[in-house]
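Visitor:
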Amino acid sequence: ATPMSVMVGVGKAAEFGILIRNGAALQTASKVTAMVLDKTGTITQGAPTVTDVVIADATYAERELLSLVAGIESGSEHPLAQAIVDFSLQKNIAPAAVSEFEAIAGHGVSGVYQEQQVIFGNQALMMQHNIALNDFVAQAQKLAEQGKTPMYLAVDQKLTAVIAVADAIKADSIAAIKRLKASGLRVVMLTGDNRATATAVAKKVGINEVFSDVQPEDKADKVAQLQAQGEIVAMTGDGINDAPALALANVGFAIGTGTDIAIESADITLMRGSLHGLSDAILVSKATLANIK
Ligand code: ADP
Ligand code: MG
49 ATPMSVMVGV GKAAEFGILI RNGAALQTAS KVTAMVLDKT GTITQGAPTV
99 TDVVIADATY AERELLSLVA GIESGSEHPL AQAIVDFSLQ KNIAPAAVSE
149 FEAIAGHGVS GVYQEQQVIF GNQALMMQHN IALNDFVAQA QKLAEQGKTP
199 MYLAVDQKLT AVIAVADAIK ADSIAAIKRL KASGLRVVML TGDNRATATA
249 VAKKVGINEV FSDVQPEDKA DKVAQLQAQG EIVAMTGDGI NDAPALALAN
299 VGFAIGTGTD IAIESADITL MRGSLHGLSD AILVSKATLA NIK
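Sequence positions in the sequence shown follow my numbering and run 49 to 341.
(1) So does the region 224-242 actually touch the region 131-150, counting three or more Cβ pairs closer than 8 Å?
(2) Is Q263 close to chain D? Criterion is C-beta to C-beta, closer than 9 Å.
(3) Say whether the region 195-204 touches the region 168-179, bearing in mind that this needs 3 or more beta-carbon pairs closer than 8 Å, one atom from each stretch.
(4) Looking only at DSSP bridge pairs, what is V213 linked to?
(5) Starting from L113, trace the alpha helix (DSSP H) in both directions and tell me its first and last residue.
(6) Whose beta carbon lies closer than 7 Å to any heavy atom of ligand 3, going through the chain in order?
(7) Would the region 56-72 and the region 172-188 be scored as touching if the rule is three or more Cβ pairs under 8 Å?
(8) Go ahead and pull the three-state DSSP assignment for T336.
(9) Is G300 helix, strand or coil when you go by DSSP?
(10) Going by the CB atoms, is the gap between V262 and V236 shorter than 9 Å?
(11) Can we say the region 289-306 touches the region 315-335, given the rule of at least three CB pairs closer than 8 Å?
(12) For T92, list the residues DSSP reports as bridge partners.
(13) Would you list the one or two residues that DSSP bridges to A295?
(14) Between D215 and L323, is the Cβ-Cβ spacing less than 9 Å?
(15) Beta carbon of E121, beta carbon of I132: below 9 Å?
(16) Could you tell me whether any non-hydrogen atom of ligand 1 is closer than 8 Å to the CB of T124?
(17) Compute the Euclidean distance between the alpha carbons of A272 and V117, then round it to the nearest angstrom.
(18) Going straight from the alpha carbon of G306 to that of K251, what length do you get?
(19) Touching or not, the region 59-67 and the region 323-332, by the rule of three or more beta carbon pairs under 8 Å?
(20) Return yes when at least one heavy atom of ligand 1 lies under 8 Å from the C-beta of E148, else no.
(21) Quick one: does the C-beta of G119 sit closer than 8 Å to a heavy atom of ligand 1?
(22) Threshold first: 3 residues or longer. Then list the beta strand (DSSP E) segments lying entirely within the region 115-191, N to C.
(23) Looking only at its chain, what residues have a beta carbon closer than 7 Å to the beta carbon of R243, apart from the 5 residues adjacent to it on each side?
(24) What would DSSP say about D266, mapped onto helix, strand or coil?
(25) Evaluate G285 with the Cβ neighbour count: other Cβ atoms within 10 Å of its Cβ, from every protein chain shown; 16 or more gives buried, anything less gives exposed.
(26) Please say whether L191 and A212 have beta carbons closer to each other than 9 Å?
(27) Use the C-beta contact count for D308: other C-beta atoms within 10 angstroms, 16 or more gives buried, fewer gives exposed.
(28) Could you tell me the alpha carbon to alpha carbon distance between S53 and T336, rounded to whole angstroms?
(29) Pick out whichever of A153, G195, L207, L296 has its Cα sitting closest to the Cα of N178.
(30) Could you spell out where the beta strand (DSSP E) holding R234 opens and where it closes?
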């Protein structure tokens, strides 16, 4: 590629809010065969809100439970934690003083409140702690089938609540994904969220290949798996979790509103946050290569 045509391409892309770190990425973008999309913050807005609070232990009042989850999530930087803390603040509920906070990556959080162990997170976390979920699993499943993310609260080994959050799909994600598929790309969703929730969201946006329940440290492995199948892989993400996958992919796209680590690990940043930027970048890449010939 001539340096001149690459420079023109990089400049053209910038007009669309697409920041390309290096000429090599611009040239690889047109050759991509598979597009991997993180769910939370990439396909969805990344600003989840609480939708349901189900009390599982009637000895607790809803405000008590919310105080407890807000207290435990105060220590977490996860978007799910933000949703919980905001919800309690809106209701003027003060967070409980939870000590010994611990974040369990890809699972949830734990802490101690008045000498009781408190854990909050997904079903896998509850399984690890041998918490009986009984028929609340079915309730959580129903919420997940609506695309919501259910989380369980346990106090001293006893289930006390199920709290669900929902994260709205970005207004133009459906159209942008349609465009990616129309250009012949294999589009795959990659998320740490549970199977039912991930599948519900994927269905809404027209994606039929889903990697769910993927631990943060395993996201890059999924990219490698696709590469081993012969795919030239683009990965798009916004989170700390996505950074290794973004670095390993043939082309990494970061969402401009995402974490610094994601942006640093990516080759291309979509300043506008819209997934249309992916097809736009590929078009600029194709035009650049055409100019070279
Ligand atoms: P994602 O790829 O959706 O960002 P993560 O790998 O960060 O997912 O987390 C996977 C799952 O673990 C979440 O969907 C949630 O159920 C649970 N989880 C992670 N962090 C927290 C937290 N701070 N509070 C509650 N649940 C959490
Ligand atoms: Mg994300």
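Beta carbons are placed, not taken as given, at the ideal position from N, Cα and C, and that holds for glycine.
Guide: According to the data block:
(1) no
(2) Protein chains in the displayed structure number just one, and chain D is not present.
(3) yes
(4) Numbered from 1 along the sequence shown, position 165 holds the residue referred to as residue 213. BP columns for V213 point to V98, T197.
(5) Here residue 113 refers to the residue found at position 65 when the sequence shown is read from its first residue. Element bounds for L113: 110-121.
(6) Although ligand 3 was asked about, the structure shown includes only ligand 1 and ligand 2 as ligands.
(7) no
(8) Within the sequence shown, numbered from 1, the residue matching residue 336 stands at position 288. Three-state result, T336: helix.
(9) Start at 1 with the first residue of the sequence shown, and residue 300 comes out as number 252. G300 falls in the strand class under three-state DSSP.
(10) Here residue 236 refers to the residue found at position 188 of the sequence shown. Here residue 262 refers to the residue found at position 214 of the sequence shown. Against a cut-off of 9 Å, the Cβ pair of V262 and V236 comes out as no contact.
(11) yes
(12) Here residue 92 is taken as the residue at index 44 of the sequence shown, counted from 1. Paired residues: I217.
(13) Reading the sequence shown from its first residue, position 247 is the one you call residue 295. DSSP lists no partner for A295.
(14) As a first step, residue 215 is located in the sequence shown; it is residue number 167 there, counting from the start. As a first step, residue 323 is located in the sequence shown; it is residue number 275 there, counting from the start. Contact flag unset, no.
(15) Position 73 of the sequence shown, counted from the start, is the residue given in the question as residue 121. Position 84 of the sequence shown, counted from the start, is the residue given in the question as residue 132. Contact: yes.
(16) For this step, residue 124 is matched to residue 76 along the sequence shown. The residue asked about is misnamed: residue 124 is Ser in this sequence, not Thr. The answer is yes for S124.
(17) What you label residue 272 is simply residue 224 of the sequence shown in a count that begins at 1. What you label residue 117 is simply residue 69 of the sequence shown in a count that begins at 1. About 37 Å.
(18) The residue given as residue 306 occupies position 258 in the sequence shown. The residue given as residue 251 occupies position 203 in the sequence shown. Cα to Cα, G306 sits roughly 24 Å from K251.
(19) yes
(20) If you number the sequence shown from 1, residue 148 lands on position 100. Because no heavy atom of ligand 1 lies under 8 Å away, the Cβ of E148 does not count as near it: no.
(21) In the sequence shown, residue 119 corresponds to position 71, counting from 1. No, since every heavy atom of ligand 1 falls outside the 8 Å radius drawn around the Cβ of G119.
(22) 147-152, 156-161, 164-169
(23) Locating residue 243 in the sequence shown gives position 195, counting from the first residue. So the qualifying residues of the chain are S260, D261.
(24) As a position in the sequence shown, residue 266 is number 218, starting the count at 1. Three-state DSSP puts D266 in a helix.
(25) Reading the sequence shown from its first residue, position 237 is the one you call residue 285. Buried, because 16 or more other Cβ atoms sit within 10 Å of the Cβ of G285.
(26) Residue numbering aside, residue 212 sits at position 164 when the sequence shown is read from its first letter. Residue numbering aside, residue 191 sits at position 143 when the sequence shown is read from its first letter. It is a contact, given that the beta carbons lie within the stated cut-off.
(27) Numbered from 1 along the sequence shown, position 260 holds the residue referred to as residue 308. Flag for D308 reads exposed.
(28) Numbered from 1 along the sequence shown, position 5 holds the residue referred to as residue 53. Numbered from 1 along the sequence shown, position 288 holds the residue referred to as residue 336. Near 6 Å, if we compare the C-alpha coordinates of T336 and S53.
(29) As a working note, residue 178 is residue 130 in the sequence shown. For N178, the nearest C-alpha among the options comes from L207.
(30) Translated into positions along the sequence shown, residue 234 becomes position 186. Element bounds for R234: 234-238.
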